[in-house]
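Notes to accompany the following structure.
2 protein chains.
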Amino acid sequence: MGKSAGQAEAHRQAPGNQPKTARGEATRKAILGAAERVIGAKGYNDASIGHITSEAGVAQGTFYIYFKTKEEVFSELVLEMGRLVRHTIAEATQDIENRLDAEKAGLQAFLEFVRAHPDLYRIVQEALFVDPEAYHEYYVTFSAGYCSGLSAAEKAGQISKGDVETRAWALMGIARALGEQLIVFKSEKSIREIVDTAYDLIANGLKP
Amino acid sequence: MGKSAGQAEAHRQAPGNQPKTARGEATRKAILGAAERVIGAKGYNDASIGHITSEAGVAQGTFYIYFKTKEEVFSELVLEMGRLVRHTIAEATQDIENRLDAEKAGLQAFLEFVRAHPDLYRIVQEALFVDPEAYHEYYVTFSAGYCSGLSAAEKAGQISKGDVETRAWALMGIARALGEQLIVFKSEKSIREIVDTAYDLIANGLKP
DNA sequence: CATAAACATGAATACTGATTCATGTTTCAT
DNA sequence: ATGAAACATGAATCAGTATTCATGTTTATG
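As they're listed, the protein sequences go chains A and B. Under our numbering, the first residue of the first sequence carries the number 1, and numbering increases by one thereafter. Under our numbering, the first residue of the second sequence carries the number 1001, and numbering increases by one thereafter.
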């Protein structure tokens, strides 16, 4: 059907333009990286195309060769962030049999990721206002994975019974809040300490 | 020293202008209420002063009699929200001796509040980008109260030992995520169900 | 090399929306 | 009642910035 369909990753809307040479590829990457830094630092609205292109070292018009609108780079950033986080956590937990251990390793990987990419983190938060659809996709996808993991663990008797969906949201909420404490509130605690405390809460609860 | 200092509530920066008659008071309230609805619905950036004043039924210039800038109404909304939430939770938990019971009642009150005021909820989220200082104050104040509550409970042997600060953030994270699930992701679960599941997690953890 | 496609430029366009201001109207104290 | 302060108006100002476009430059390819 028609022209060859480019890479394997298919999304909604046609992107502004896929680069067709190495030069184009590099420029597009430069713009995307600049957008990540600038939007992460100043927020979506204060990050002008001018800022982004000058950070990328290209002219203003060049932006529109690769992205249809300002919102489009933003969406792409959010999507990329989602893939990256899922990949990071999956990798950190892939050969851990026990769910509780996986929970701990996953939380640690997440917090380390967040500390390493504070910009991307803020971008996801801002997506709720700039691109609600992307925000939804981010969390829904995440939640779905979480739910099936919890179901399996429940069946295997590794964790107690309980509504998996609510539990998934609660656990995501813990991770998110601890990540936020780390980067927005600049906590100086070590990730190790945080994870140990959180794990104890997740595994055993507060009961004496 | 100088003129009488108005009401008891002192904040940073001088406000645009405190009204001095009943008429002014009413107008100011109308604008604040309109701002809550409009900003809550459209977000900070898409909510223009024109929208807000027309929703309030006053002329555009009237806005600036009571608020110095657009950001100032926003700040005020965030501050108000903080007081309201704390008040709601304090009231719901005031004569509960046991910390775990208080946790449950507090979560329930919070979720009910959030469901009743979805606009105010989104506004606090957006504060991270529009007015980081107000955002900080919101969560830091909250966290401080939480920490002292947990410390006391720990000393009284009502809950197990553990770093109170991390625990406080984790618990706030649970509440926030469940609130978000409720209004942003339009969950249809009853608050009762959610609270029961979350309470079990908080009290007993996931261990089988 | 030649030539078309891809890529790059940055000035010009177009529009939005916060804030100001000169001018009324209402309220209050005397 | 009357002058001053408080309140209200909405058109005009002013600035920022997303997007377009006419014009070059580079790259791939026969």
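Note that beta-carbon positions come from the ideal geometry of N, C-alpha and C, so glycine has one too.
Within the model, the alpha-carbon separation for G1033 of chain B versus A1056 of chain B is close to 8 Å.
One finds nothing in chain A with a Cβ atom closer than 7 Å to the Cβ of M1081 of chain B; even the nearest lies about 16 Å away.
The DSSP-derived three-state label of I1159 of chain B is coil.
Within the region 13-93 of chain A, the complete alpha helix (DSSP H) segments of 4 residues or longer fall at 22-42, 49-56, 63-66, 70-93, listed in chain order. Between the beta-carbon of V85 of chain A and that of F113 of chain A there is about 6 Å, and that keeps the pair under the 8 Å contact cut. Here A134 of chain A is buried. Its C-beta has 16 or more other C-beta atoms within 10 Å.
Considering only B:A1022, B:I1194, B:R1028, the residue with the shortest C-alpha distance to I1065 of chain B is B:R1028. Scanning its chain for C-beta atoms nearer than 8 Å, with the 5 sequence neighbours on each side dropped, one finds around G50 of chain A the residues Q60, in chain order. For N98 of chain A, the nearest beta carbon of chain B is not closer than 8 Å to its own beta carbon. Remark: C-beta atoms of Y1138 of chain B and G1179 of chain B do not approach each other more closely than 8 Å. For Q1181 of chain B, the nearest CB of chain A lies under 8 Å from its own CB, placing it at the interface with that chain.
A buried status is given to E1103 of chain B, since no fewer than 16 other beta-carbon atoms sit within 10 Å of its beta-carbon. Contact annotation for T1197 of chain B against chain A: G162, D163, T166, R167 [CB-CB distance below 7 Å, chain order].
With fewer than 16 other Cβ atoms inside 10 Å of its own Cβ, E1188 of chain B counts as exposed. Remark: C-beta atoms of K42 of chain A and I1159 of chain B do not approach each other more closely than 8 Å. In this structure, the straight-line span from the alpha carbon of A1092 of chain B to that of R1192 of chain B is close to 15 Å.
Around G1043 of chain B, the beta-carbon contacts reaching into chain A at under 8 Å are F129. When the five nearest sequence neighbours on each side are left out, the beta carbons in the same chain lying within less than 8 Å of the beta carbon of V1058 of chain B are those of T1027, A1030, I1031, in order along the chain. In this structure D1119 of chain B touches R1037 of chain B by the C-beta definition: roughly 6 Å separates them, less than 8 Å.
N98 of chain A carries a coil assignment under DSSP once its states are collapsed to helix, strand and coil. Non-local C-beta neighbours of I1052 of chain B in its own chain, meaning closer than 6 Å and more than five positions away in sequence, comprise A1034, A1035, V1038, ordered along the chain. Per DSSP, reduced to three states, the secondary structure at E1188 of chain B is coil, with no helix or strand assignment.
With 16 or more other Cβ atoms inside 10 Å of its own Cβ, E165 of chain A counts as buried. K1070 of chain B and K186 of chain A have their C-alpha atoms roughly 28 Å apart.
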